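Notes for the one structure printed next.
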């Protein structure tokens, strides 16, 4: 053990900054932590890289041929809008798992004993997860281009499609964050992700047009935010969008529906996650 | 500043559901030195630390750290404390250095200062070699040292160590002890919880024994031993000696009960804990012409103190007790030992 000299404690107070600037600084430190881990272990990105790749190949080449599109059109082009929606939804369990893990290792307790911004822990995590979603979206688009998906509209419309997807994806990470505050083990969070988010994606028009579903299921699927997101992306990319002929309101106004869903999810789950986080303080 | 206690709690209570973790905890710790908070699993040690570190709000009572209230002035408290919990609270996937820099930045150090301080602490705790490796490759002892380094990065005046050596091998434990002593020598006030009696005995300048959420005894290790106080003497007589006479001589040296065992020719007695007791007994026996083969005095240990104060033995030092500790911590002290 080296008994090196230890500098005396600096007596001056921390530089004065507004609490918002501290929040931003702390969020940046915590987001960088998540990104540093990705840089060290890129395989942690499997759920936004390999997983979508597998689903795209499965649906494009295994199931796709058996799925007729009402109104016609290329299934490969149809698929990518849905895949984008699924890719984003599937990162939410990751948010939950990461928070539960940090809680069980005591890291969050350590954060809470530091003079840092109280809201930075959740904000840092969700913003870092937004970055992984961007990576996921790029992977889906890349795989899409490889199997024949094309954007037939303007750059602005394509950007709007990705923007909507990420807005919804970010709102959805707060659902994951809330789950992370409730669940006790990373394993439970992982399984909850599967149980909750897989049906959410499949009972939608993400992979299969809703027209072929039984009537009661069609109603659920047409109001599922995943359907709105997939339909909005298809419309904005100029891809086949059979949902345009569905009379449900979200299918007639998919972009508006995605914004509404995102705002609603943020309005409910962001305060809920923060509340649950605070309540951990006993 | 010098007069303000480092830690002060008044009638602190906290319950989790039906479990009363703290039931009127009163503690005063002056600045400087090491307070050992000694108690069995579920005694409320961890809850006490969590309240003081602003992680848990007390139900009633007050707690102050360097004069700042842990509830109303929590931000001030957090500026001045460091916390090392029972399990290394680190990011396994970051390097040791990245962990320290992160905690430093979140402790309001500038980027340059955080890096400088991280390197300084890595060198101090013998972790420079491993600084660039992911923490998940560290041994248990290295993790604890890094965890302790993390809690020191913001120059805390008061440091909370919750069972800092639970589950460590004897070597790593000795290293931790050395670091803890150095920190105290530099003027940091330390509050250390432990269920290991020898640890409290070795490190603490003051000990508070807690059981069922309140302090049942406090003082220096020696004061506590003296309080329970009585050492035991055993006098072995040579064959043919007068047992009754020997017992009478020993009785003359103590106010405690004296037992004479005719089969083993052994006189045992509780003696007051003071220096020179053995010499006095031997001299008195010699004066009375009683010959002995052996006189042994067993000083009371903190173990006895603990037993007498709490009515149960301290937890054995096994890995299992560490697991039980983790359980209790996760359940927030819910599972009483």
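Residue numbers (the numbering used here), protein chains in the order written: chain A, 1 to 282; chain B, 1001 to 1337. We treat Cβ as the ideally placed atom computed from N, Cα and C, and that holds for glycine. Remember, it's a predicted structure, so these values are computed and weren't measured experimentally.
Terminal residues of the beta strand (DSSP E) in which residue i lies
{"i": "residue 1232 of chain B", "result": "1231 to 1237"}
{"i": "residue 1210 of chain B", "result": "1206 to 1211"}
{"i": "residue 1015 of chain B", "result": "1007 to 1016"}
{"i": "residue 1218 of chain B", "result": "1214 to 1219"}
{"i": "residue 1034 of chain B", "result": "1034 to 1038"}
{"i": "residue 1160 of chain B", "result": "1158 to 1162"}
Other residues of its chain near residue i: CB distance less than 7 Å, five sequence neighbours each side excluded
{"i": "residue 1329 of chain B", "result": "For residue 1329 of chain B, the predicted structure reports a pLDDT of 39, less than 50, and the residue's modelled location is therefore unreliable. A value from the coordinates is still provided. Contacts found: 1046 and 1086."}
{"i": "residue 1177 of chain B", "result": "1202 and 1203"}
{"i": "residue 278 of chain A", "result": "none"}
{"i": "residue 1199 of chain B", "result": "1165"}
{"i": "residue 264 of chain A", "result": "none"}
{"i": "residue 261 of chain A", "result": "168, 225 and 228"}
{"i": "residue 1117 of chain B", "result": "1104, 1109 and 1153"}
{"i": "residue 172 of chain A", "result": "88, 89, 92 and 265"}
{"i": "residue 1078 of chain B", "result": "1054"}
{"i": "residue 1386 of chain B", "result": "With chain B covering 1001 to 1337 only, the question about residue 1386 of chain B has no answer from this structure."}
{"i": "residue 1066 of chain B", "result": "1004, 1006, 1080, 1157 and 1158"}
Same chain, Cβ closer than 6 Å to residue i, neighbours up to 5 away in sequence not counted
{"i": "residue 1173 of chain B", "result": "1165"}
{"i": "residue 1082 of chain B", "result": "1151, 1152, 1156 and 1159"}
{"i": "residue 152 of chain A", "result": "238"}
{"i": "residue 190 of chain A", "result": "97"}
{"i": "residue 7 of chain A", "result": "In this prediction, residue 7 of chain A scores a pLDDT of 43, lower than 50, which makes its location untrustworthy; no coordinate-derived value is stated."}
{"i": "residue 1334 of chain B", "result": "Low local confidence applies: a pLDDT of 37 at residue 1334 of chain B is under 50, so the model's placement there is unreliable, with the coordinate-based value given in what follows. The residues are 1016 and 1019."}
{"i": "residue 80 of chain A", "result": "144 and 149"}
{"i": "residue 124 of chain A", "result": "27, 30 and 31"}
{"i": "residue 258 of chain A", "result": "164, 168, 228, 229 and 232"}
{"i": "residue 253 of chain A", "result": "none"}
{"i": "residue 1316 of chain B", "result": "Here residue 1316 of chain B scores only 46 on pLDDT, less than 50, and its place in the model should not be relied on; the value that follows carries that caveat. Closer than 6 Å at Cβ, skipping near neighbours: no residue."}
{"i": "residue 953 of chain B", "result": "Because chain B spans 1001 through 1337 in this model, residue 953 of chain B falls outside it and cannot be assessed."}
{"i": "residue 161 of chain A", "result": "233, 236 and 237"}
{"i": "residue 206 of chain A", "result": "82, 85, 86, 226 and 230"}
{"i": "residue 1205 of chain B", "result": "1033 and 1034"}
{"i": "residue 989 of chain B", "result": "An answer regarding residue 989 of chain B cannot be provided, because it is not within the stretch 1001 to 1337 covered by chain B."}
Assumed close pair residue i, residue j - CB separation to whole angstroms, cut-off 8 Å
{"i": "residue 274 of chain A", "j": "residue 53 of chain A", "result": "Between residue 53 of chain A and residue 274 of chain A the Cβ distance is about 35 Å, and since that is not below 8 Å, they are no contact."}
{"i": "residue 56 of chain A", "j": "residue 147 of chain A", "result": "7 Å"}
{"i": "residue 174 of chain A", "j": "residue 25 of chain A", "result": "Actually they do not touch by this definition, with Cβ atoms about 22 Å apart."}
{"i": "residue 1184 of chain B", "j": "residue 1191 of chain B", "result": "Incorrect: roughly 11 Å between the Cβ atoms, too far for contact."}
{"i": "residue 266 of chain A", "j": "residue 120 of chain A", "result": "Actually they are not in contact, since the Cβ atoms of residue 266 of chain A and residue 120 of chain A sit about 18 Å apart, beyond 8 Å."}
{"i": "residue 1308 of chain B", "j": "residue 1237 of chain B", "result": "Between residue 1237 of chain B and residue 1308 of chain B the Cβ distance is about 29 Å, and since that is not below 8 Å, they are no contact."}
{"i": "residue 1254 of chain B", "j": "residue 1270 of chain B", "result": "7 Å"}
The alpha helix (DSSP H) enclosing residue i, as first and last residue numbers
{"i": "residue 1021 of chain B", "result": "Per DSSP, residue 1021 of chain B belongs to no alpha helix (DSSP H); it is in the beta strand (DSSP E), 1019 to 1029."}
{"i": "residue 194 of chain A", "result": "186 to 202"}
{"i": "residue 1062 of chain B", "result": "Looking at the DSSP string, residue 1062 of chain B is not in any alpha helix (DSSP H); the run it does join, the beta strand (DSSP E), is 1060 to 1065."}
{"i": "residue 25 of chain A", "result": "19 to 40"}
{"i": "residue 215 of chain A", "result": "215 to 223"}
{"i": "residue 1046 of chain B", "result": "1045 to 1052"}
{"i": "residue 1192 of chain B", "result": "Unbroken run through residue 1192 of chain B is the beta strand (DSSP E), 1189 to 1194; no alpha helix (DSSP H)."}
{"i": "residue 101 of chain A", "result": "92 to 104"}
{"i": "residue 52 of chain A", "result": "50 to 57"}
{"i": "residue 1198 of chain B", "result": "1197 to 1203"}
{"i": "residue 1147 of chain B", "result": "1140 to 1152"}
{"i": "residue 116 of chain A", "result": "Residue 116 of chain A -> no alpha helix (DSSP H), and no H or E assigned at all."}
{"i": "residue 1171 of chain B", "result": "1170 to 1185"}
{"i": "residue 304 of chain A", "result": "No answer is possible for residue 304 of chain A: the residues shown for chain A start at 1 and end at 282."}
Residues near residue i in its chain [Cβ-Cβ closer than 8 Å; skip 5 each side]
{"i": "residue 1244 of chain B", "result": "1260"}
{"i": "residue 947 of chain B", "result": "With chain B running from 1001 to 1337 in the structure shown, residue 947 of chain B is simply not present."}
{"i": "residue 1282 of chain B", "result": "1292 and 1295"}
{"i": "residue 276 of chain A", "result": "178, 181 and 182"}
{"i": "residue 188 of chain A", "result": "100"}
{"i": "residue 60 of chain A", "result": "75, 76, 79 and 147"}
{"i": "residue 192 of chain A", "result": "93, 96, 179 and 183"}
{"i": "residue 1326 of chain B", "result": "Confidence in residue 1326 of chain B is poor, its pLDDT being 37 and thus under 50, which makes the residue's placement too unreliable to answer from."}
{"i": "residue 37 of chain A", "result": "44"}
Whole beta strand (DSSP E) runs in the region 1225 to 1296 of chain B with 3 or more residues, listed along the chain?
The region 1225 to 1296 of chain B contains these whole beta strand (DSSP E) runs: 1231 to 1237, 1258 to 1261 and 1266 to 1271.
May I have a chain-ordered list of the alpha helix (DSSP H) segments no shorter than 4 residues that lie completely inside the region 142 to 182 of chain A?
Here the runs fully enclosed are 155 to 182.
Tell me whether the region 119 to 134 of chain A and the region 87 to 94 of chain A touch, counting them as touching only if at least three CB pairs, one residue from each stretch, are closer than 8 Å.
The region 119 to 134 of chain A vs the region 87 to 94 of chain A: in contact.
In chain order, which beta strand (DSSP E) runs of at least 3 residues are fully inside the region 1063 to 1118 of chain B?
DSSP assignment within the region 1063 to 1118 of chain B yields the following whole beta strand (DSSP E) runs of 3 residues or more, N-terminal first: 1081 to 1084.
Spell out a yes or no on whether the region 1004 to 1020 of chain B and the region 1054 to 1065 of chain B are touching, meaning 3 or more CB-CB pairs, one atom from each, closer than 8 Å.
These segments touch.
Is it the case that the region 225 to 232 of chain A contacts the region 157 to 166 of chain A, given that we only count it when at least three CB pairs across the two stretches are under 8 Å?
At 8 Å Cβ cutoff, the stretches touch.
I want to know whether the region 1194 to 1213 of chain B touches the region 1037 to 1051 of chain B - three or more CB-CB distances under 8 Å.
Contact holds: three or more Cβ-Cβ distances are below 8 Å.
Whole alpha helix (DSSP H) runs in the region 230 to 255 of chain A with 4 or more residues, listed along the chain?
Those alpha helix (DSSP H) runs which fall completely within the region 230 to 255 of chain A and span 4+ residues are 249 to 252.
Do three or more CB pairs link the region 1090 to 1106 of chain B to the region 1128 to 1145 of chain B at distances below 8 Å?
Remark: three or more beta-carbon pairs, one from each stretch, lie closer than 8 Å, so the region 1090 to 1106 of chain B and the region 1128 to 1145 of chain B are flagged as touching.
Given 8 Å as the limit, is there contact between the region 100 to 119 of chain A and the region 197 to 205 of chain A, that is, 3 or more CB pairs closer than that?
The region 100 to 119 of chain A is not in contact with the region 197 to 205 of chain A.
Would you call the region 1064 to 1072 of chain B in contact with the region 1248 to 1268 of chain B, where contact means no fewer than 3 C-beta pairs closer than 8 Å?
Counting Cβ pairs under 8 Å, fewer than three are found: no touch.
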